[in-house]
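Chains as they are written, first to last, in our numbering: chain A, 349 to 653; chain B, 2 to 131.
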């Protein structure tokens, strides 16, 4: 039922694409049309495996950048929470996203401002490259994800303040851009229980991602003081926890045809009525209706008479 | 009885063949299990989860008179009639998937970022003739 090229471009799921291959070496029939290629600038390995040339080339795929092991652990946990053992998305309606992307910073500049604030300050400039986010992936939520190594037991809760500012590129200093607009978050949590801290930066990043900004440069100051200011306990001073630069987590709704649209299938399930009468074939329905029409027209002519 | 009367001269073996056509068709259109692991395709370097994937597939004969058991549209019957009475080059209806379920996939992107995505129509759950 699919036209030939549509079958090539339309229904192949994104994850079946090989990233770095050179499409030109394949048979023209197997190459995606140029327009489509921009969105899927990669060729699906499914097609590659099926083409003879592909089979020979397959082993020569160039290596990928390996993700941070912490990030990998976090995403595996997210997968377990979102999908069954068979890999089918869980039917809980609470999450509307059908795509979650985790980016680790690709470059950072370290600053130390001891004289500025009390406590142990981790200030770092981060650059996130979001090229992998497609135009059909719409942002629902974005989170800065801090991971703590909890090997050092910390008995009391800590209060952390996170200063976040977006950087514009300052061409005079090639290495570290200057700040443009910033926001401060204050968090209060207990280390004992947390390995991950999520800082919701949705309202902060939404305008940037909506305008297709794919390089996000931000400076993050993260200060933690041990103790609980709310209960007026004396703050015991700075927190000596090694802080890994945060990753950026984007919860997205992919509106492309190949993505699973939860609300669509729920509606579909609700909509499908049970047929009032079991007929052998819809043809019988048709015949039945035709018969009815005849009867009605006969009755009308009789009444006229 | 009539049927029997009509074919009294058949040898016993033919008789069983004759009766067989009234029995439930043996290799009827139905869903078949198929399970693969991404390591078989050497994709496990970048597909982190799931480890196994059961796409399933549909296989079997489509009976001449396709009833509502397959949920087939009327067109399926019409196609059978075209094949038998008008043009044998038109293929008979085929046994194909009618419903699917989605699949969640966790992959490593070329730039080292990680993506969790839910894909539509990745596991066949029901077959039909059309």
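Quick reminder that beta carbons are idealized off the backbone N, C-alpha and C, glycines included.
Practice problem: Please confirm whether residue 557(A) and residue 510(A) have their CB atoms less than 8 Å apart. | Solution: no
Exercise. Can you say whether residue 37(B) is buried or exposed, counting buried as having 16 or more other CB atoms within 10 angstroms of its CB?
Key: exposed
Practice problem: With 9 Å as the limit, tell me which residues of the region 417 to 437 of chain A have their beta carbon closer than that to any beta carbon of chain B; keep them in chain order. | Solution: 419, 420, 422, 423, 424, 426, 427, 428, 430, 431, 432, 433, 434, 435, 436 and 437
Quiz item: Bridge partners of residue 544(A), per DSSP?
Solution: 495(A)
Practice problem: Could you check which residue in 445(A), 439(A) and 474(A) has the C-alpha nearest to that of residue 453(A)? | Solution: It is 474(A).
Quiz prompt | Pair within 8 Å by beta-carbon distance, residue 490(A) and residue 549(A) | solution = yes
Practice problem: Anything in chain A within Cβ reach of residue 109(B), meaning under 9 Å, just list it in chain order. | Solution: The answer, in chain order, is 412, 413, 414, 415 and 420.
Exercise. Pull up the distance between the alpha-carbon of residue 572(A) and that of residue 564(A), whole angstroms please.
Key: 25 Å
Self-check item: Where the beta strand (DSSP E) containing residue 98(B) begins and where it ends
Solution: Counting along the chain, the unbroken beta strand (DSSP E) around residue 98(B) starts and ends at 96 to 109.
Practice problem: For residue 567(A), decide whether its Cβ has a neighbour in chain C, counting only Cβ atoms nearer than 8 Å. | Solution: The chain inventory of the structure shown lacks chain C, comprising the protein chains A and B.
Quiz item: Which residues in the same chain as residue 39(B) place their Cβ atom closer than 6 Å to its Cβ, once the five residues preceding and following it in sequence are excluded?
Solution: 45 and 48
Quiz item: So is residue 28(B) buried or exposed if we call it buried at 16+ other beta carbons inside 10 Å?
Solution: exposed
Quiz item: So is residue 52(B) buried or exposed if we call it buried at 16+ other beta carbons inside 10 Å?
Solution: exposed
Self-check item: Beta carbon of residue 113(B) nearer than 8 Å to that of residue 413(A)
Solution: yes
Practice problem: Determine the burial state of residue 87(B): buried for a count of at least 16 other Cβ atoms within 10 Å of its Cβ, exposed for fewer. | Solution: exposed
Self-check item: Residue range of the alpha helix (DSSP H) that includes residue 120(B)
Solution: From DSSP, residue 120(B) is part of no alpha helix (DSSP H) but of the beta strand (DSSP E) over 115 to 130.
Quiz item: Where residue 480(A) and residue 552(A) are concerned, what is the direct C-alpha to C-alpha distance, given to the nearest angstrom?
Solution: Spanning the alpha carbons of residue 480(A) and residue 552(A) requires a straight line of approximately 20 Å.
Self-check item: Residues bridged to residue 449(A) (per DSSP)
Solution: Beta-bridge annotation (DSSP): residue 449(A) is paired with 598(A) and 116(B).
Quiz item: Is it the case that the Cβ atoms of residue 129(B) and residue 99(B) are separated by a distance below 8 Å?
Solution: Against a cut-off of 8 Å, the Cβ pair of residue 99(B) and residue 129(B) comes out as a contact.
Quiz item: Which word fits residue 446(A), buried or exposed, when buried means at least 16 other C-beta atoms lie within 10 angstroms of its C-beta?
Solution: buried
Quiz prompt | Between the CA atoms of residue 50(B) and residue 427(A) - distance to the nearest angstrom | solution = 8 Å
Quiz prompt | Span of the beta strand (DSSP E) around residue 82(B) | solution = From DSSP, residue 82(B) is part of no beta strand (DSSP E) but of the alpha helix (DSSP H) over 75 to 82.
Self-check item: Residue range of the alpha helix (DSSP H) that includes residue 558(A)
Solution: 550 to 558
Quiz item: Any beta-carbon of chain B closer than 8 Å to the one on residue 608(A)?
Solution: yes
Quiz item: residue 450(A): which of 437(A), 603(A) and 424(A) sits nearest, CA to CA?
Solution: 424(A)
Self-check item: residue 93(B) and residue 63(B) closer than 8 Å at C-beta
Solution: For residue 93(B) and residue 63(B), yes; Cβs fall inside 8 Å.
Exercise. Indicate whether residue 117(B) and residue 448(A) have their beta-carbon atoms separated by less than 8 Å.
Key: yes
Quiz prompt | Distance between residue 422(A) and residue 106(B) (C-alpha atoms, nearest Å) | solution = 15 Å
Practice problem: Just the C-alpha distance for residue 429(A) and residue 72(B), rounded to the nearest angstrom, thanks. | Solution: If you draw a straight line from the Cα of residue 429(A) to the Cα of residue 72(B), it comes to about 35 Å.
Quiz item: At a Cβ threshold of 8 Å, is residue 545(A) touching chain B?
Solution: no
Quiz prompt | Boundaries of the beta strand (DSSP E) in which residue 32(B) is found, first to last residue | solution = 31 to 33
Quiz item: From what residue to what residue does the beta strand (DSSP E) around residue 58(B) run?
Solution: 58 to 60
Practice problem: Identify every residue that forms a DSSP beta bridge with residue 476(A). | Solution: 564(A)
Quiz item: So what does DSSP say about residue 426(A), is it helix, strand or coil?
Solution: helix
Exercise. Closer than 7 Å by C-beta to residue 435(A): which residues in its own chain qualify, once you throw out the five before and the five after it? Chain order, please.
Key: Closer than 7 Å at the Cβ level, and outside the excluded window around residue 435(A), lies no residue.
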